[in-house]
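Working notes, beginning with the structure itself.
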Amino acid sequence: VYKFQASEKCTIRYAQGNMDAYFENPNDWAYQRRVEAGLIPTEKSGYKKPYGEPIPLGQVALTVSWGIGVSGWIANLILAVTSGKFCIGDAGSTQFCQVFFPDL
Numbered sequence: 004v005y006k007f008q009a010s011e012k013c014t015i016r017y018a019q020g021n022m023d024a025y026f027e028n029p030n031d032w033a034y035q036r037r038v039e040a041g042l043i044p045t046e047k048s049g050y051k052k053p054y055g056e057p058i059p060l061g062q063v064a065l066t067v068s069w070g071i072g073v074s075g076w077i078a079n080l081i082l083a084v085t086s087g088k089f090c091i092g093d094a095g096s097t098q099f100c101q102v103f104f105p106d107l
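Take the sequence shown: its position 49, counting from 1, is numbered 52 in the numbering used here, and each next residue is one higher.
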């Protein structure tokens with residue numbers, strides 16, 4: 004990481020991000036570096052991937068809120084189906100309810 008930082012004259016966070024990307028998939032990392040440098044004539048250069056940059060706080064909040072909401076909805080659905088509450092009322096005639104909850 005320090006060698007990369009010294010040769011590229013970049014921050015430690017950017018160097019760490021690049022090394023993480025390299026260790027994850029060296030071929031894609033090398034291709035991305037060549038595109039950034041403009042060495043591939045078929046690809047447009049100019050986009051520099053922000054390796055190691057912190058995730059924006061708004062994105063973290065959005066991801067957490069969606070995760071909590073979807074997880075809560077799935078847990079509620081599983082609880083309703085396994086407890087038999089799903090089979091009370093009009094849904095009692097479904098094959099699922101007749102097989103798993105014949106008494107309701």
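Every residue, glycine too, gets a C-beta built ideally from N, C-alpha and C.
Sub-7 Å separation of residue i and residue j beta-carbons
{"i": "GLN8", "j": "ALA24", "result": "no"}
{"i": "VAL38", "j": "MET22", "result": "no"}
{"i": "TYR54", "j": "GLY20", "result": "yes"}
{"i": "LYS12", "j": "GLN35", "result": "no"}
Extent of the continuous alpha helix (DSSP H) run through residue i
{"i": "PHE103", "result": "98-103"}
Close beta carbons around residue i, own chain, < 8 Å, minus the five adjacent residues each side
{"i": "TRP32", "result": "ASN21, ALA24, TYR25"}
Closer than 6 Å: residue i CB and nearest the ligand GTP heavy atom
{"i": "TYR34", "result": "Here there are no bound small molecules, and the ligand GTP is not part of this structure."}
TODO: List in chain order: all unbroken beta strand (DSSP E) runs of 3+ residues lying wholly within the stretch 5-76.
DONE: none
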